[in-house]
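Asks: Below you'll find the structure I mean.
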């Protein structure tokens, strides 16, 4: 028998992942409308926007205004992403941002250099400073991500040991500072995971940090996303980043380009859980409504399946 | 450790499933071109067309001409579907059709009545006659399908016992006629399966027919298709119907309609197998080419993922 969790938490990343990747800057009221729809689904954490350079990412320039526009629902956390101290300061000074302090590691050196102009080792050392910054502000790290944990388009296969090395660093760092271990998140940034590599990494991470909460950040680049969620559920994983409608990529824009693809789809993943008898707190039909709203806003077909077929509730 | 098979066979249904459901009748040369592309992928069986009423399904009216137009590759079987004796006679009299005699059962009475104007029990008895027809022509049944084996939009949940009853009938009938048992195919006609119901049915069918080859006919209606394939692989299943590019449905045509969805996508499923170390004989990059050709012909985005992202071979 699989070791399914009884309850799975989905952290919604669609608004940030989805709108960030689009060339269009969608009107603020539309983005707020989607977040408001998501607030009514039972989701408990919604990533609203990122606090990054308005020049680099003009889609996120109005993050503070967006936070001001949304209709907050009690019990839902509205989070934002930052990648440097300036972003962190903006997030801190924006009313209504629920701070979600994150430590960020790279299992791929080439990817780290391309994204940050710093090596993976330098990025790792930076996290020591980030932890201190968080602690100075009375915050504890919420999660520690290892990016490209299953493979990398730049480096190819990523050895398990490199991923575990990063997590080992987190464990030691937190022990050194006397800080409770954050959730340990395996991020399949480029869609390399398959159900067996999933199980291998989860099993290794469990052995390394038996008490830790393990989470997954998956991109459904090559169609294995939901199978990977299932494999993780079989091992009791109860935390997933996900995107309404599979927002976050544009796989239909062209052939031959290796397009980014969205996070694993929230409503399809939650549907899987419910069919397996696992609770999520999510109202699937309301998630489908939110997914259809996302499709209407984006203006093209999105990757989610359930939003196009409907759930099974009408037939039972 | 999962009990993966070492080799998995995919039977391609895209040309029949895909073009049959479209409102447009695509030019014969385009359909032949797709089949010719599929012939070069390593697939060993391709369902070319169905021999059904030209009035009911005008898209399939030129099935004989299509068989004449394709460039046959040695070692590849080119099959056709029939649903009544007239269709069987047409298939038999069409040069180049590799006959694939099938027995067809319905686990849902309501669905059987809607599809055939006959009850599931009447359909079951009809299969006795079909077996005799096949034997009279020196043919043996290749596969026995139980439709709606995981659930039905008309009847709701389908008890396991009804599915097993149909397979029990096949076993008894073949024993009575001294015929080798065909492959036993669980068909998730309307996308109700999940990985656990998959495992439950496969396990029950194995217990019922320990020596039989078990296959799956899956539709990826609600996003669980590849997870269902993975669950079946974990139990050693080595036979799947599938469609290039996920052809066979039109999930993007509208909201709120409960659209048919295509078979599970051939190249995404084969990619899963390869990532798990299971051979399929399929050249993934050629399958992706065929999928892109299918998309070009159909003229809208199709459901396959790998065709939009590319495989991992370029990165390793």
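Residue numbers (the numbering used here), protein chains in the order written: chain A, 12 to 327; chain B, 12 to 327.
Idealized CB from N, CA, C, for every residue including glycine.
Determine the burial state of residue 86(B): buried for a count of at least 16 other Cβ atoms within 10 Å of its Cβ, exposed for fewer.
Replies: Classification for residue 86(B): exposed.
Asks: Starting from residue 227(B), follow the beta strand (DSSP E) in both directions and report where the run begins and ends.
Replies: From DSSP, the beta strand (DSSP E) with residue 227(B) extends over 225-229.
Asks: On the DSSP bridge assignment, give the partners of residue 274(B) in chain order.
Replies: Beta-bridge pairing links residue 274(B) to 230(B).
Asks: In angstroms, rounded to a whole number, what distance separates the CA positions of residue 229(A) and residue 204(A)?
Replies: Cα to Cα, residue 229(A) sits roughly 8 Å from residue 204(A).
Asks: Can you pull the chain B residues whose beta carbon is under 7 Å from the beta carbon of residue 28(A), in chain order?
Replies: Neighbours of residue 28(A) on chain B: none; closest Cβ ~16 Å, over 7 Å.
Asks: Which word fits residue 311(B), buried or exposed, when buried means at least 16 other C-beta atoms lie within 10 angstroms of its C-beta?
Replies: Classification of residue 311(B): exposed, given that the 10 Å Cβ count is below 16.
Asks: Just the chain A side, please: which residues come within less than 8 Å of residue 173(B) by C-beta, in chain order?
Replies: Under the 8 Å cutoff, chain A gives no residues; its nearest Cβ is about 16 Å from residue 173(B).
Asks: Here's the rule: buried if 16 or more other CB atoms are within 10 angstroms of the residue's CB, otherwise exposed. What is residue 319(A)?
Replies: Buried, since its Cβ has 16 or more Cβ neighbours within 10 Å.
Asks: Would you say residue 117(A) reaches chain B, if we count a Cβ-Cβ gap shorter than 8 Å as a contact?
Replies: Not closer than 8 Å to any Cβ of chain B, the Cβ of residue 117(A) fails to qualify, so no.
Asks: How far does the beta strand (DSSP E) with residue 157(B) in it extend, from its first residue to its last?
Replies: Start and end: 154-158.
Asks: Strictly by DSSP, which residues pair up with residue 21(B)?
Replies: Note: residue 21(B) sits in a beta bridge opposite 251(B).
Asks: Using a Cβ-Cβ cutoff of 8 Å, what residues of the region 219-235 of chain A are near chain D? List them in chain order.
Replies: Reference to chain D is not applicable here, since the protein chains of this structure are A and B.
Asks: Can you tell me the Cα-Cα spacing of residue 266(A) and residue 278(B), whole angstroms?
Replies: With a pLDDT of 41 at residue 266(A), under the threshold of 50, the modelled position of that residue is not reliable, and no figure is offered here.
Asks: Do you know offhand how far residue 141(B)'s Cα is from residue 316(A)'s?
Replies: Roughly 37 Å between the two C-alpha positions.
Asks: Applying the criterion that 16 or more other CB atoms from any shown protein chain within 10 Å of the CB defines a buried residue, is residue 214(B) buried or exposed?
Replies: Residue 214(B) comes out exposed.
Asks: Residue 317(A) versus chain B: which residues are under 7 Å apart at the beta carbon?
Replies: Residues of chain B passing the Cβ test: 233, 234.
Asks: Using 8 Å as the threshold, is the C-beta distance between residue 190(A) and residue 114(A) below it?
Replies: It is not a contact, given that the beta carbons lie outside the stated cut-off.
Asks: Taking one C-beta from the region 281-297 of chain B and one from the region 49-63 of chain B each time, how about it: are there three or more such pairs within less than 8 Å?
Replies: Yes: at least three Cβ pairs fall under 8 Å.
Asks: Is residue 185(A) close to chain B, meaning its C-beta is less than 8 Å from at least one C-beta of that chain?
Replies: Judged by the 8 Å Cβ criterion, residue 185(A) is not in contact with chain B.
Asks: Which residues does DSSP pair with residue 113(A) in a beta bridge?
Replies: In DSSP, residue 113(A) forms a bridge with 154(A).
Asks: Determine the extent of the beta strand (DSSP E) in which residue 203(B) is found, giving its start and end residues.
Replies: Unbroken run through residue 203(B): none, as it is neither H nor E.
Asks: My parser needs the alpha helix (DSSP H) runs of 4 or more residues fully inside the region 46-106 of chain A; what are they?
Replies: Listed in chain order, the complete alpha helix (DSSP H) runs (minimum 4 residues) inside the region 46-106 of chain A are 74-80, 96-104.
Asks: Could you pull the start and end residues of the alpha helix (DSSP H) that residue 132(B) belongs to?
Replies: That run of the alpha helix (DSSP H) goes 131-147.
Asks: For the alpha helix (DSSP H) that residue 188(B) lies in, which residues bound it at each end?
Replies: From DSSP, the alpha helix (DSSP H) with residue 188(B) extends over 171-188.
Asks: In this structure, does DSSP put residue 236(A) in helix, strand or coil?
Replies: Correct three-state label for residue 236(A): helix.
Asks: Do residue 249(B) and residue 274(B) have their CB atoms nearer than 8 Å?
Replies: No, the Cβ-Cβ distance between residue 249(B) and residue 274(B) is not below 8 Å.
Asks: Comparing C-alpha positions only, which one of 175(B), 183(B), 185(B), 233(B) sits nearest to residue 211(B)?
Replies: Ranking the options by Cα distance to residue 211(B), first place goes to 175(B).
Asks: Within this structure, are the beta carbons of residue 395(A) and residue 99(A) separated by less than 8 Å?
Replies: One cannot answer for residue 395(A) here, as it falls past the ends of chain A, which runs 12 to 327.
Asks: So that I know if they touch, is there some Cβ in chain B lying closer than 8 Å to that of residue 205(A)?
Replies: It does; some Cβ of chain B falls within 8 Å.
Asks: Assign residue 18(B) to buried or exposed, taking buried as 16 or more other Cβ atoms, counted over all protein chains shown, within 10 Å of its Cβ.
Replies: Answer is exposed; the Cβ neighbour count stays below 16.
Asks: Examine chain A for any beta-carbon lying closer than 8 Å to the beta-carbon of residue 101(B), and answer yes or no.
Replies: No, residue 101(B) lies away from the interface with chain A (no Cβ there is under 8 Å from its Cβ).
Asks: Is it right to say residue 35(B) is buried, meaning 16 or more other beta carbons lie within 10 angstroms of its own, or is it exposed?
Replies: So residue 35(B) counts as exposed.
Asks: Checking contacts by CB at 8 Å: is residue 252(A) closer than that to chain B?
Replies: Chain B, which has no Cβ nearer than 8 Å to the Cβ of residue 252(A), makes this no.
Asks: Which residues does DSSP pair with residue 290(A) in a beta bridge?
Replies: 18(A).
Asks: What is the residue span of the alpha helix (DSSP H) that residue 122(A) lies within?
Replies: That run of the alpha helix (DSSP H) goes 120-127.
Asks: Along the region 146-169 of chain A, where does the CB come closer than 9 Å to a CB of chain B? Name the residues.
Replies: If the cut-off is 9 Å between Cβ atoms, the region 146-169 of chain A has 162, 163, 164, 165, 166, 167, 168 near chain B.
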